[in-house]
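Novice: My structure is below; once you've seen it, I'll send some questions.
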Amino acid sequence: MMNLPAVGVSAIRITMPYAAGALGGTLSERGGVVNIALEGIMLGSAFAYATGSWWMARYLGASDAATVAVVAPLFGLGLAILTGFALSLLHAIACVTFKADNIISGLAINILSLGATNFLLKRIFGSASNSEQCPSFRSWQVLAPDSAWAVLNPLFHPLILLTLLAFVGAWFLLYRTRFGLRLRAVGENPAAADSLGVSVAFYRYCGVLLGGVAASLGGVWLASDQGLFSSGMTNGRGYTALAAMILGKWTPGGAAAACLIFGTAEAFQNQLQVLHQGSSAQATGWLAQLASGIPTQAIQALPYVLTILVLAGFVGRATPPAADGVPYEKESE
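So the sequence shown is numbered by this note's numbering: it starts at 1 and just counts up by one.
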C-alpha cells in the first residue's frame, strides 16, 4: 500500500533542486537573459560542494567530529556558491558583454561543466563514477520531539529552510524594491529603462549572477543529500527546472508550485517502482496490482512525460519577458 505521508515528504525533498534551479532561471530571465546553463551550474556546484566539504573534513581530521560536521558542509556550501557565481559570470560575459546567443552560451557552459567535473573527478578521486563520501547537511537536521511526527523528520533540513528563504527573498527583491523594478524593466523594455538612466548591462549581470547563486543551492542539495558526487548527477534537472519556470510564468511563486508538481510526480514514480518490484511475487491492494501491470520503463518515464504534456499544453499561454534573450544595443545619438 502507498504511504501517502511519506510520498508527500519525499515530494518536497525531491522538489528542492528543481526549485533552486527554477528560481535561478527566473532571476536571470526577468532581467532578459535566457539561462539554459542551469544544468551546468547545478552540476558544477554539486562537485564543488562534495570536493570542498570532503577536503575540509580531511584537513580538520577526525579528532573533532562536531567541528567537522559544522565547518565542512559550510565550506562546501561556500565553494559551491562561488562555483555557481563563476559559471554564471561566464554566461553573463558571453550574453551581455559580447551579445552571444543565449542558448548557445548556456549549452556551452553545460558541456564545459560536464567535461570539467568528469576530468576533476578522475584527477582528484581516481574514479570515473563518483567521489568519496563527503560531510552532509543531514547531520544538521532537527528531529521531531514526538515519534508520531517522525515521518516529517526529513523536512527539518537546513537546505530546505535556506531554499524557502531564497524564494521569499527573491519575491521581495523583484516586487518590493527599486532594484527589482529596474531588473524587470531591463527584461521587458531595455530601451525605455536605458532612457531613464538605468544601466541595462549592470542589471542583466546582476540577474544572471543572482540566478547562478540560487541555482547552486540545487547542486548543493544533490551532493549533500547523497553524501557524494557522481558523474552527471543532475541528470537533466536543470532543464526540468526551466520547464517549471515557464509553467510558473517567470515568477518565484509560480515556479515553486510547478516544481512541486514535478517533484510529486517523481515521488509517485519512486513509490510505484517500489510497488512494482514488490508486486512481482504477490500483488496486494489495487495500487500494487495496477503497478504490477505497468512496464518499469513506463514508470521511470512518468516525470518526463508529465513535463512534456505540461509544456505542450501550457507553453503557448505563458508569455516571457518581452526582451528575454534579446541582446541590447544602445542607440547612437
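Backbone N, C-alpha and C fix where the C-beta goes; we use that ideal spot for every residue, glycine too. Owing to the predicted nature of the structure, the values given are computational and were not obtained by experimental measurement.
1. Helix, strand or coil, according to DSSP, for Ala283 in the structure here?
2. May I ask you to verify whether the segment 2-16 touches the segment 196-206, counting CB pairs closer than 8 Å and requiring at least 3?
3. Considering only residues of the same chain and omitting the five flanking positions on each side of Leu386, which have a CB-CB separation below 7 Å?
4. Roughly how many whole angstroms lie between the Cα atoms of Ser45 and Thr83?
5. Can the beta-carbon of Gly52 be found less than 8 Å from the beta-carbon of Asn35?
6. Decide yes or no for the touch test of the segment 120-137 against the segment 221-229: beta carbon pairs closer than 8 Å, at least 3 of them.
7. How many angstroms separate the CA atom of Thr117 from the CA atom of Ile81?
8. Return the chain-ordered ranges of every alpha helix (DSSP H) run that is complete within the segment 29-69 and spans a minimum of 4 residues.
9. Tell me the start and end of each unbroken alpha helix (DSSP H) in the segment 226-285 that is at least 4 residues and wholly inside, in chain order.
10. From what residue to what residue does the alpha helix (DSSP H) around Thr117 run?
11. Excluding sequence positions up to five away, which residues of its chain have a Cβ less than 7 Å from the Cβ of Val7?
12. Using the C-alpha atoms, what's the distance from Leu181 back to Tyr203?
13. Thinking C-alpha only, which one of Cys206, Asn153, Leu79 is nearest Pro5?
14. Do Leu306 and Ala265 have their CB atoms nearer than 8 Å?
15. Return the CA-CA distance between Ile41 and Ser88, expressed in angstroms with no decimal places.
16. What is the residue span of the alpha helix (DSSP H) that Asp194 lies within?
17. Where does Tyr328 fall in DSSP's three states?
18. State buried or exposed for Ser129, treating a residue as buried only when at least 16 other CB atoms are found within 10 Å of its CB.
19. Near Ala243, which residues of its chain fall below 8 Å by C-beta distance, leaving aside the five closest residues on each side in sequence?
20. Return helix, strand or coil for Asn130, following the three-state DSSP convention.
21. Please state the DSSP three-state secondary structure of Ser136.
22. In angstroms, rounded to a whole number, what distance separates the CA positions of Gln422 and Ala57?
23. Cα separation between Pro103 and Leu114?
24. Can you list, in chain order, the residues of its chain with a C-beta nearer than 6 Å to that of Lys99? Leave out the 5 residues immediately preceding and following it.
25. Count the C-beta pairs between the segment 62-78 and the segment 246-257 that are closer than 8 Å, then say yes if the count reaches three, no if not.
26. Quick one: is Phe262 near chain D, going by C-beta distance under 8 Å?
27. Applying the criterion that 16 or more other CB atoms from any shown protein chain within 10 Å of the CB defines a buried residue, is Ala66 buried or exposed?
28. Could you have a look at Phe156 and say whether DSSP puts it in helix, strand or coil?
29. Taking C-beta to C-beta, are Gly238 and Leu38 nearer than 8 Å?
30. Might you give, ordered along the chain, the residues of its own chain that have their beta carbon closer than 8 Å to the beta carbon of His157, omitting 5 neighbours on each side?
31. Assign Thr26 to one of three DSSP states: helix, strand, or coil.
32. If distances are taken between C-alpha atoms only, which option among Lys249, Ala20, Phe119, Phe179 comes closest to Lys321?
33. Candidates Ser230, Tyr18, Leu107: which alpha carbon is nearest Leu247's?
34. Less than 8 Å between the CB atoms is what I'm expecting for Gly31 and Val208, so what's the real figure, rounded?
35. If you count every other CB in all the chains shown that lies within 10 Å of the CB of Leu165, and 16 or more means buried, which is it?
36. Which term fits Thr234, buried or exposed, when burial requires 16 or more other beta carbons within 10 angstroms of its beta carbon?
Specialist: So, from the data block:
1. Note that Ala283 scores 47 on pLDDT, short of 50, meaning its location in the model is unreliable and no value can be drawn from it.
2. Not touching, per the Cβ criterion.
3. It is not possible to answer for residue 386, since the shown part of the chain is limited to 1 through 333.
4. 6 Å
5. no
6. yes
7. 16 Å
8. 38-60
9. 237-247, 252-278
10. Here the alpha helix (DSSP H) through Thr117 covers 102-125.
11. If the five residues before and after Val7 are omitted, its C-beta is found closer than 7 Å to the C-beta atoms of Ala267, Phe268, Gln271, all from its own chain and listed in chain order.
12. 10 Å
13. Asn153
14. yes
15. Distance from the CA of Ile41 to the CA of Ser88, rounded to the nearest whole angstrom, comes to 7 Å.
16. 190-195
17. If DSSP states are grouped into helix, strand and coil, Tyr328 belongs with coil.
18. exposed
19. Ala258, Phe262, Thr307, Val310, Leu311
20. strand
21. If DSSP states are grouped into helix, strand and coil, Ser136 belongs with coil.
22. Here the chain has residues from 1 to 333 only, and residue 422 is not among them.
23. The sequence shown places Ile at residue 103, rather than the Pro named in the question. Rounded to the nearest angstrom, the two C-alpha atoms are 17 Å apart.
24. Correct list, in chain order: Pro327.
25. no
26. The structure shown contains no chain D, having only a single protein chain.
27. exposed
28. coil
29. yes
30. Arg13, Phe137, Arg138, Trp140, Gln141
31. helix
32. Here residue 321 turns out to be Pro, not Lys, going by the sequence shown. Ranked by Cα distance from Pro321, the first of Lys249, Ala20, Phe119, Phe179 is Lys249.
33. If we check each option's Cα against that of Leu247, Tyr18 comes out closest.
34. 7 Å
35. Leu165 counts as exposed, since fewer than 16 other C-beta atoms from the protein chains shown sit within 10 angstroms of its C-beta.
36. buried
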